[in-house]
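Participant:
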Amino acid sequence: RAKDMGRGVSVSYEDAFDAEKRQEAMLEAELRAQLEGDGIGVAFQPLINAATGRICGVEALARWPRSGGAAILPDVFIALAERGGLIDTLGMQVLTKALAAARAWPGIGLSVNISPLQLKNPSFVAQVTSITGAAGFDPHLLTLEVTEGVLIAHPEQARRALDGLKSAGIKVSLDDFGCGYASIGALRQFGFDRMKVDRSLIQAVDRDENGGAVLQATIALANALRIPVTAEGIETEEQAMLLRLSGCDELQGYLYGRPVDAATLGGQFFPASAPRKVVRA
Ligand code: C2E
Ligand code: MG
Ligand code: MG
Ligand code: MG
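If you want full-length UniProt numbering, it's the position in the sequence shown, counting the first as 1, plus 446.
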């Protein structure tokens with residue numbers, strides 16, 4: 447029908463395009479203000495040791511607490527921050543806040559997501575090591591999660607950054623494995639310390655007759671390369687059982703805990719470390 451209406455419609459397409467750009471600019475300004483003000487929020491989701499069933503780490507996930515506005519999902523505001531040149535600031539803010547919270551949970555690993563764009567920044571590694579040092583956090587307990595996009599788009603910069611992190615004792619994990627190009631080569635060439643199987647592969651087990659086989663083959667591949675595997679998005683006991691049997695050593699999902707603020711996670715998993723009243727005899 448658009449074709450029949452001719453010129454008039456193309457103008458209204460342009461209007462729609464302009465409206466979208468205005469909307470984006472407004473949202474970007476709001477995000478910038480949030481970063482300059484209270485900052486972006488951080489939620490924490492437990493990572494469970496598959497052998498012991500105990501918490502062994504937490505993943506930090508950015509949250510945008512919008513006063514008076516509808517919630518915006520991380521996938522949306524992270525992309526907005528990337529387009530608007532705000533991702534370096536956002537990323538370092540999440541890292542700083544996550545390290546401060548994780549210090550209260552001794553011996554627990556901390557995983558923080560990193561945008562591929564951040565790895566392109568030549569001072570990225572220096573910033574990460576300086577923030578980690580300032581927080582007094584053991585770098586060996588820190589893992590940065592990256593998706594494979596950067597490895598394809600900017601292999602040289604990515605390699606330099608990943609090598610730098612490794613020398614500082616920081617681990618790097620390949621996030622969302624199996625939902626993109628499933629770059630088997632990259633897993634080895636870039637020396638990843640861990641692979642995270644994407645939620646979609648776990649959900650496929652219940653939906654698609656070959657889902658279980660694909661999932662098990664993916665985990666077997668990582669096992670063959672001696673790369674430990676985390677499965678994300680586990681919602682049922684059946685999924686957890688299959689993953690344990692397949693050789694997955696770390697489990698994450700709503701079955702074990704949703705992403706929550708630091709105080710809530712501390713109360714759920716580390717009640718002993720919560721501040722207590724001193725009782726005098
Ligand atoms: P991700 O790194 O793959 O994080 C896992 C996502 O799966 C999170 O979504 C988490 O809430 C969700 N999830 C965990 N368990 C379950 C489950 O059992 N069922 C379902 N349905 N979902 C589950 P979230 O928090 O919306 O984050 C989405 C993505 O946004 C993240 O995916 C990550 O790529 C990105 N992101 C989040 N925080 C940051 C950040 O600080 N920096 C960067 N660069 N990206 C971030
Ligand atoms: Mg992640
Ligand atoms: Mg993931
Ligand atoms: Mg994912």
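Think of the CB as a built atom: it goes at the ideal place given N, C-alpha and C, for glycine as much as any other residue.
(1) Straight-line CA distance for Met682 to Leu701?
(2) In its own chain, which residues sit with a C-beta less than 6 Å from the C-beta of Arg509, not counting the 5 before and 5 after it?
(3) Provide the residue span of the alpha helix (DSSP H) that contains Gly657, from first to last.
(4) Using DSSP with H/G/I as helix, E/B as strand and the rest coil, what is Asp652?
(5) Which whole-angstrom value describes the C-beta separation of Glu678 and Gly657, a residue pair presumed to lie in contact below a C-beta threshold of 8 Å?
(6) With ligand 2 as the reference, list in chain order each residue whose Cβ lies under 5 Å from any of its heavy atoms.
(7) Taking the CB atoms as reference points, tell me whether Gln539 and Leu481 lie closer together than 8 Å.
(8) Within 8 Å, do at least three Cβ pairs link the stretch 610-622 to the stretch 576-594?
(9) Exposed or buried, what is Arg640 when buried is set at 16 or more other beta-carbons lying within 10 Å of its beta-carbon?
(10) Counting only runs of 4+ residues fully inside the stretch 493-534, write out the alpha helix (DSSP H) ranges in chain order.
(11) Touching or not, the stretch 640-652 and the stretch 663-677, by the rule of three or more beta carbon pairs under 8 Å?
(12) What span of residues does the alpha helix (DSSP H) with Ala572 cover, start to end?
(13) Is Glu602 near ligand 3 - that is, is its Cβ less than 7 Å away from at least one heavy atom of it?
(14) Excluding sequence positions up to five away, which residues of its chain have a Cβ less than 7 Å from the Cβ of Tyr459?
(15) May I ask you to check if the CB of residue 728 is nearer than 7 Å to at least one heavy atom of ligand 1?
(16) From the DSSP output, in three-state form, read off Arg640 for me.
(17) Between Asp621 and Asn567, is the Cβ-Cβ spacing less than 8 Å?
(18) Could you name the residues that DSSP lists as bridge partners for Ser557?
(19) Looking at Lys566 and ligand 3, is the gap between the Cβ and the nearest heavy atom below 7 Å?
(20) Taking 7 Å as the line, does the beta carbon of Lys612 fall inside it for any heavy atom of ligand 3?
(21) Per DSSP, what kind of secondary structure is Phe490 in: helix, strand or coil?
(22) Please find out if some non-hydrogen atom of ligand 1 comes closer than 7 Å to the beta-carbon of Val596.
(23) Does DSSP put Phe715 in a helix, in a strand, or in coil?
Facilitator: In this structure, then:
(1) One point to set straight first is that residue 682 is Thr, not Met, in the sequence displayed. Computed Cα separation, rounded: 6 Å.
(2) Gly487 and Ala489
(3) Gly657 to Ala670
(4) helix
(5) Between Gly657 and Glu678 the Cβ distance is about 15 Å, and since that is not below 8 Å, they are no contact.
(6) Asn559, Glu591 and Asp621
(7) yes
(8) yes
(9) buried
(10) 520-529
(11) yes
(12) Phe570 to Ala581
(13) no
(14) none
(15) Because the chain in this structure spans residues 447 to 727, residue 728 falls outside the shown range and cannot be described.
(16) strand
(17) no
(18) Glu505 and Thr589
(19) no
(20) no
(21) strand
(22) no
(23) helix
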